[in-house]
Each structure stands twice: as structure tokens, then as C-alpha cells.
Amino acid sequence: MAQALEPDHVDKPSEPWKIRAKGIALLAKAPSQPPNAGSSAVVKLNEDGTIDVFTGTGSMGQGTPTSLAIIVAEEFGIPLEKVKINQLEMVSTDTNPYTWQTVGSRGLFSDGIALLRAIEDAKDQIKDTASRVFKVPIDDVEVSGGYVFSKSHPWIRKEIKEFAMGYTYPDGTTVGSPVIGRGSYAPVLNTFLDASGHGSNTVFHTYGGTGVELEIDLLTGKVKVLRAIQVYDVGKAIDPLLVKGQMDGGFIMGLGSALYEELKFDEDGRVINPNLINYYVPHFEDMTASIESYIIETPQKDGPLGARGVGEHVMIGVAPAIANAILRATGVKINQLPITAEKLWKAIKEQKPELIEKAQKLFFEEGIKEVQQV
């Protein structure tokens with residue numbers, strides 16, 4: 136983070152009455168869930184070599200189903216397009232396997248472990264049938280690269296699709312049965328916190344941080360974030376492009392919470408800005424010019440292929456990073472969100488009025504210079 140942001144190097148502001156600074160916020164977050172929050176998964180091998188996958192985690196744009204599909208493709212050694220996960224449609228609690236909830240940045244971790252166990256179950260079924268077909272010990276059978284083969288005699292091999300319904304000989308004799316793998320997962324050794332606040336109530340922590348470079352207009356209090364750095368240790372990035380997209384999108388969402396988005400109520404508790412005209416979300420001109428997202432990979436020992444969650448994390452550090460940069464630039468501490476231009480100007484006026492007085496003086500001096508030049 137420090138290497139990418141260079142927090143002690145700050146360029147000159149665009150105008151004399153503006154001021155620039157950089158700020159960093161580091162964080163650690165774990166899923167908020169009960170100790171027994173479990174997941175389950177089913178994989179079904181089809182006769183055409185495709186694989187149907189059923190899990191309980193829904194798709195909300197976070198990319199979990201795609202990452203789960205990548206795990207299946209990698210474990211079976213088949214093209215990603217041959218994996219059909221929940222038909223990429225709505226998850227139904229009537230038909231899909233159980234998952235506690237699609238919340239808490241836990242989907243890939245919990246469903247991923249359940250899915251790997253379902254894959255292992257399916258492979259065991261394939262190996263059992265193949266050992267009888269190949270006439271080799273079951274421990275000598277491997278499923279990889281879209282094929283089933285003997286490890287000691289690798290030329291003895293068949294495509295996995297030939298085992299989807301068991302294996303049928305030319306005379307119609309069949310051994311084995313349809314391959315449907317099942318897997319489930321629930322955290323182990325997790326407990327509620329006791330009266331003293333001690334206990335083990337989480338399965339993993341994801342660590343990361345956000346850094347920003349911003350410019351403050353001391354005449355108006357308006358903050359413009361010029362550059363952002365996102366760094367997160369995700370354990371293993373199953374799909375690096377999705378992870379970076381999550382980081383970029385999370386920063387923009389965090390920017391809205393930090394500087395713009397606010398529900399306002401009248402004295403009777405009614406919302407007075409219930410539309411996108413009065414409830415301000417970041418527009419294109421509010422976007423940060425540069426967002427740099429960096430992935431660190433320290434494998435989670437018990438995570439699916441070493442992965443851990445990185446969903447909500449990526450927006451959490453935005454507001455404190457901005458607040459820290461403001462504090463560094465002005466000496467003003469502000470911790471009420473959103474940090475609107477009005478709020479910040481008032482805070483500077485109360486805590487550091489000399490900054491505004493100096494900015495106003497510089498503004499008028501520049502105006503006089505322009506008039507003289509004309």
C-alpha cells in the first residue's frame with residue numbers, strides 16, 4: 136500500500152485555495168454468521184460431458200457462481216463452458232441445496248468447500264465404476280483433464296462422459312450408476328461468544344486496505360478523490376478479473392457512502408429524498424480518475440483452493456481513508472457520514488477557520504491578478 140501510494144509525496148493542488156493530501160485505512164473483516172452456518176452442493180455429470188452444479192448461493196453481481204463454476208472446471212479439467220451452475224438463474228429454496236445465507240462475504244468460502252466435497256464424491260463414484268471397467272485397483276484410477284484413466288497404465292483411458300450413467304458395455308451390460316455428487320460443509324470448532332466476550336465465532340478474516348489521494352476546495356468544502364489504491368489478501372483469486380472488478384466497484388460504492396449518499400427525514404420520520412434526484416449517488420464526473428487494485432495471495436489453509444471472501448471488504452476502507460486524508464490535509468477530524476461539502480466546510484470553519492480565511496484571500500488575489508492581466 137505505502138509503496139503504491141507514496142503517502143508522503145503530494146503534488147501541488149490545482150488552485151492556490153485548494154489543498155491535497157493522502158490517507159490510508161487498513162481493515163480486517165470476518166463473516167458475521169452463527170457458528171453452524173452451513174452450505175451444501177450437488178454436481179451431476181451428464182451424458183454429453185457437461186456438469187450441472189447446484190448450490191444455495193445466489194448471484195447478486197458479486198461473481199460467486201462464476202468462481203464456483205471455475206472450481207468445477209479446474210477440478211474436472213473440462214472447459215468452463217461445460218459447467219452449468221444453477222442454470223445461472225434464480226436460486227430456489229424449494230429445489231436448491233441448503234446454504235445459510237448469501238451474505239457476509241461467505242459464499243465462495245462456504246459453498247466452495249461444500250462444492251469441492253461434492254466433486255470428490257462424484258469422482259469417487261466415477262473411480263469406483265472405472266476400476267471395474269479398467270480392471271485396476273480403485274486407487275490406480277485418476278479423473279483429470281476431462282478423462283478417466285489408469286495411473287499405472289495411462290493409455291487405458293476414457294472420457295468422463297462415458298461414465299455419466301455408469302458404464303455400458305457394447306452388449307448393454309452396465310456397471311455403476313448415474314453420477315451425482317453431494318457435499319456439505321459447516322464450520323467446526325466455532326462457538327458463540329461467552330459473557331466475557333471470548334470465543335471463536337468466525338472461520339476466517341480477510342485483510343486489506345484502501346489508500347486515497349484527494350483535493351479539498353477550502354472555499355466550498357468539496358472533496359475530489361483523484362486516485363485510489365485497493366490492496367486485499369484474498370487467499371487465492373479464483374478469478375482475478377472478477378476480484379479486481381469487485382475491488383473497483385466496491386471503491387465506487389464506498390465513495391458514495393463516504394461523500395454523497397444520505398437518507399434525509401422530516402420531523403415525522405418520513406423520507407424527504409426518496410428518489411435519485413435528491414438522493415445523490417456518484418455520477419461520472421464524481422468518479423476517481425485512477426483506481427488501482429492489487430491482489431495479494433496468502434492461501435487460506437481450509438479455504439476452497441486457498442480462497443477466502445472478499446465481498447463487502449472492498450468498500451469498508453474508503454470512508455476512513457478519505458477521513459484520514461482530510462485530517463492530514465487540514466487537521467480537522469470528521470467522522471459523520473456522508474462527508475458532504477457543507478459538513479466539511481462547517482467543520483473547517485469551526486476547527487481551523489484560518490484555513491478558510493487564507494483560502495479566501497488567495498482566491499481574491501488570483502482574481503485581482505486576472506483582472507490586471509485583462
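Offset between the sequence shown (1-based) and my numbering: plus 135.
We put the CB at the ideal spot given by N, CA and C, even for glycine.
**OP:** Identify which residue in HIS333, GLY307, ILE387 and ARG292 has its Cα closest to the Cα of THR345.
**Re:** Your numbering for residue 345 matches position 210 in the sequence shown. Taking only the C-alpha atoms, the option nearest THR345 is ILE387.
Original post:
Taking one C-beta from the region 296 to 307 and one from the region 242 to 251 each time, how about it: are there three or more such pairs within less than 8 Å?
Top reply: no
**OP:** Going by DSSP, name the residue or residues bridged to VAL278.
**Re:** Numbered from 1 along the sequence shown, position 143 holds the residue referred to as residue 278. The partner list for VAL278 (beta bridge, DSSP) reads VAL283.
Original post:
Straight-line CA distance for LEU349 to ASN181?
Top reply: Here residue 349 corresponds to residue number 214 of the sequence shown, with the count starting at 1. Here residue 181 corresponds to residue number 46 of the sequence shown, with the count starting at 1. Approximately 54 Å, taken between the alpha carbons.
**OP:** Identify whether ARG463 lies in helix, strand or coil by the three-state DSSP scheme.
**Re:** By one-based count along the sequence shown, residue 463 stands at place 328. It is helical.
Original post:
Using CA coordinates, which residue listed in VAL178, ALA482, LYS379 and VAL467 is at the minimum distance from LYS258?
Top reply: Walking along the sequence shown from the start, residue 258 turns up at place 123. Comparing Cα-Cα distances from LYS258 to each of VAL178, ALA482, LYS379 and VAL467, the minimum goes to VAL178.
Subject >> Where GLU492 sits in the DSSP three-state scheme >> reply: Start at 1 with the first residue of the sequence shown, and residue 492 comes out as number 357. Looking at GLU492 - three-state DSSP - the assignment turns out to be helix.
Original post:
CA-CA distance, TRP235 and GLN260?
Top reply: Locating residue 235 in the sequence shown gives position 100, where the first residue counts as 1. Locating residue 260 in the sequence shown gives position 125, where the first residue counts as 1. Rounded to the nearest angstrom, the two C-alpha atoms are 27 Å apart.
**OP:** For LEU251, name the three-state secondary structure that DSSP assigns.
**Re:** Against the sequence shown, residue 251 aligns to sequence position 116. Looking at LEU251 - three-state DSSP - the assignment turns out to be helix.
**OP:** Could you work out which residue in LEU162, LYS484, ALA172 and THR201 is closest to THR326 when comparing CA atoms only?
**Re:** Within the sequence shown, residue 326 is the residue found at index 191, counting from 1. Minimum Cα distance to THR326 is reached at ALA172.
Original post:
Expressed to the nearest angstrom, what Euclidean distance is found between the alpha-carbon atoms of GLY193 and ASP143?
Top reply: Reading the sequence shown from its first residue, position 58 is the one you call residue 193. Reading the sequence shown from its first residue, position 8 is the one you call residue 143. Cα-Cα distance, rounded: 43 Å.
Original post:
Less than 7 Å separating the beta-carbons of ASP256 and GLY318?
Top reply: Numbered from 1 along the sequence shown, position 121 holds the residue referred to as residue 256. Numbered from 1 along the sequence shown, position 183 holds the residue referred to as residue 318. Yes, they are a contact pair.
Subject >> Distance between beta carbons of VAL445 and TYR342, contact taken as under 8 Å >> reply: As a position in the sequence shown, residue 342 is number 207, starting the count at 1. As a position in the sequence shown, residue 445 is number 310, starting the count at 1. Rounded, the Cβ-Cβ distance is 10 Å, inconsistent with contact.
**OP:** Determine, using beta carbons only, whether ILE351 comes closer than 7 Å to chain B.
**Re:** In the displayed structure, chain B is absent; only one protein chain is listed.
Original post:
Is ILE205 helix, strand or coil when you go by DSSP?
Top reply: Working through the sequence shown from its first residue, we reach residue 205 at position 70. DSSP places ILE205 in helix when its eight states are reduced to three.
Original post:
Where does GLY441 fall in DSSP's three states?
Top reply: Within the sequence shown, residue 441 is the residue found at index 306, counting from 1. The answer is helix: DSSP assigns GLY441 an H, G or I state.
Original post:
Expressed to the nearest angstrom, what Euclidean distance is found between the alpha-carbon atoms of PRO148 and LEU215?
Top reply: Indexing the sequence shown from 1 puts residue 148 at position 13. Indexing the sequence shown from 1 puts residue 215 at position 80. One C-alpha to the other measures close to 49 Å.
Original post:
What is the rounded straight-line gap between the Cα of GLY184 and the Cα of TYR302?
Top reply: As a first step, residue 184 is located in the sequence shown; it is residue number 49 there, counting from the start. As a first step, residue 302 is located in the sequence shown; it is residue number 167 there, counting from the start. Each residue's alpha carbon lies about 14 Å from the other.
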